[in-house]
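The structure under discussion appears below in the form of structure tokens.
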Amino acid sequence: MTSTRPPASGAHPETATRPVLHGHTARLPWPFPDDLDAFRYSVNVEPARVPRRTAAGEWGAHIVDLGGEEYGAIMADRRRILDADPCRVRIMPGMLPACWDLLLYYLRDLAASYPHVLELDEDGDRFHWRNHALGTDQRFVLGDAGSLPCDPMTFLGREIPDDLLLVKERDGALSFDAGLVTFAAAWSVSFDVGMTMAEIHNPVPRLTHEGITSRAEQFLRRLPADQVYRRVNWTFSASGSRRLDVSLEELPDWGTDIPALVRDRDWGRLQLRIEVEHFVRLPMTGAVTFNIRTHMTSLEQVRRVPAWRDQLARVVLELPEDLAAYKGFLDYREPAMAWLLAGEGAA
Numbered sequence: 396m397t398s399t400r401p402p403a404s405g406a407h408p409e410t411a412t413r414p415v416l417h418g419h420t421a422r423l424p425w426p427f428p429d430d431l432d433a434f435r436y437s438v439n440v441e442p443a444r445v446p447r448r449t450a451a452g453e454w455g456a457h458i459v460d461l462g463g464e465e466y467g468a469i470m471a472d473r474r475r476i477l478d479a480d481p482c483r484v485r486i487m488p489g490m491l492p493a494c495w496d497l498l499l500y501y502l503r504d505l506a507a508s509y510p511h512v513l514e515l516d517e518d519g520d521r522f523h524w525r526n527h528a529l530g531t532d533q534r535f536v537l538g539d540a541g542s543l544p545c546d547p548m549t550f551l552g553r554e555i556p557d558d559l560l561l562v563k564e565r566d567g568a569l570s571f572d573a574g575l576v577t578f579a580a581a582w583s584v585s586f587d588v589g590m591t592m593a594e595i596h597n598p599v600p601r602l603t604h605e606g607i608t609s610r611a612e613q614f615l616r617r618l619p620a621d622q623v624y625r626r627v628n629w630t631f632s633a634s635g636s637r638r639l640d641v642s643l644e645e646l647p648d649w650g651t652d653i654p655a656l657v658r659d660r661d662w663g664r665l666q667l668r669i670e671v672e673h674f675v676r677l678p679m680t681g682a683v684t685f686n687i688r689t690h691m692t693s694l695e696q697v698r699r700v701p702a703w704r705d706q707l708a709r710v711v712l713e714l715p716e717d718l719a720a721y722k723g724f725l726d727y728r729e730p731a732m733a734w735l736l737a738g739e740g741a742a
């Protein structure tokens, strides 16, 4: 798991020299604390719904980041993927009550976070959901599958940009037993659903040997129902564009992107992929959500923020070879970071 710590409260140390940036970059959840120069995996979580200042702006006020002007495009892409490939949604037997729990929790949170765009009216077990940005107007009865056009997890997934995962204790282990995932980073929801957390994380260097997986499981088992937490993960995208879907299902489409980018030495198009993960223990069933919101920014954009440019180069170049290989950039990190640092003084 990523090593991040929340920056100290108050003014960001570079406030006086922060470039004037807007939109996507200003909202970007930068994955490293200000003083970090060396990255290692760890069990790093912090309270959610707490805004964090960065060298370019602020992020983190809400559990779900709709993405500003990008929201419509992201959701159109997600709905296209779900329509074309229903296997991106997998729900194990017995998990449907947790899916209803997930739907209600998030619709309530969304309506409270974005009241001018999203509305939820409640009358006992009857609900009326309206998403004015996407044009959704749906009445449903909690627990009544016939009152929705699809299962509750899919309905929620067609309203928000987060990938949705549900973890439940089964046979003494924490298992990933339901998920809707359209923006996976080189993995497949169809393959992973039903696996334990230990089985899923076993390929990641150092996690099991250094006890990180077991500590992460202890955190999830003890997660209270009245507190929400988050963590940030990062890598470089296996795509030269801002393609969010780099799942194993789509490998034929994106598998040659990085080799082509390296061949052309077009480092400015290399994407830093940032994943904000939220952890919630659902109130009715006790299942735990492990939801992922993916953000992308190019090295060209990173270069415009001097604090980000310098820190990213330090972290990437210092990373041990086994971690750099797992993240997929061992063979090209030196020329990519040399290009990034050559932009010192860029606008």
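All the letters of the sequence shown, read from the start, carry residue numbers 396 to 742 under my numbering.
Think of the CB as a built atom: it goes at the ideal place given N, C-alpha and C, for glycine as much as any other residue.
Around the C-beta of residue i, are 16 or more other C-beta atoms found within 10 angstroms, so that it is buried, or is it exposed?
i, result
"Ala433", "exposed"
"Gln666", "buried"
"His511", "exposed"
"Val549", "Strictly speaking, residue 549 in this sequence is Thr, with Val absent from that position. So Thr549 ends up on the buried side."
"Gln706", "buried"
"Ser588", "According to the sequence as given, residue 588 is Val; it is not Ser. So Val588 counts as buried."
"Ala528", "exposed"
"Gly455", "buried"
"Gly418", "exposed"
"Pro442", "exposed"
"Arg503", "exposed"
"Val697", "buried"
"Asn439", "buried"
"Ala731", "buried"
"Glu554", "buried"
"Glu644", "buried"
"Asp558", "buried"
I'd like to check one pair, residue j with residue i: are the Cβ atoms closer than 8 Å?
i, j, result
"Phe578", "Asp640", "yes"
"Val560", "Thr591", "The question names Val, but residue 560 is Leu in the sequence shown. In this structure, Thr591 does not lie closer than 8 Å to Leu560 by Cβ."
"Leu551", "Leu498", "yes"
"Ala573", "Met490", "yes"
"Thr692", "Thr420", "yes"
"Val562", "Val484", "no"
"Val627", "Ile458", "no"
"Val536", "Asp518", "no"
"Ala620", "Pro678", "yes"
"Ala718", "Pro600", "Per the sequence presented here, residue 718 reads as Leu, with Ala not at that position. Closer than 8 Å, so yes."
"Ile607", "Phe571", "no"
"Trp662", "Trp582", "no"
"Arg709", "His673", "no"
"Trp425", "Trp703", "yes"
"Asp496", "Arg688", "no"
"Ile486", "Asp566", "no"
"Val675", "Tyr500", "yes"
"Trp629", "Arg638", "no"
Going by DSSP, what residues sit across from residue i in a beta bridge?
i, result
"Pro715", "Beta-bridge pairing links Pro715 to no other residue."
"His523", "Asp516, Arg534"
"Val641", "Ala580"
"Thr591", "Ser570"
"Pro442", "Tyr624"
"Arg447", "Trp454"
Examine chain D for any beta-carbon lying closer than 8 Å to the beta-carbon of residue i, and answer yes or no.
i, result
"Asp430", "In the displayed structure, chain D is absent; only one protein chain is listed."
Exercise. Curious, which full-length alpha helix (DSSP H) runs of at least 4 residues does the stretch 596-636 contain?
Worked result: 607-617
Exercise. With a cut-off of 8 Å, do at least 3 Cβ pairs link the stretch 709-721 to the stretch 653-671?
Worked result: no
For this session: Return the chain-ordered ranges of every alpha helix (DSSP H) run that is complete within the stretch 454-504 and spans a minimum of 4 residues.
Result: 466-479
For this session: Would you list, in sequence order, the uninterrupted alpha helix (DSSP H) runs of no fewer than 4 residues that lie entirely inside the stretch 543-582?
Result: Correct list: 547-552.
Problem set entry | beta strand (DSSP E) runs wholly inside the stretch 652-726, at least 3 long, in chain order | 666-676, 683-693
Exercise. Using 8 Å as the threshold, is the stretch 521-537 in touch with the stretch 463-479, meaning 3 or more CB pairs across them?
Worked result: yes
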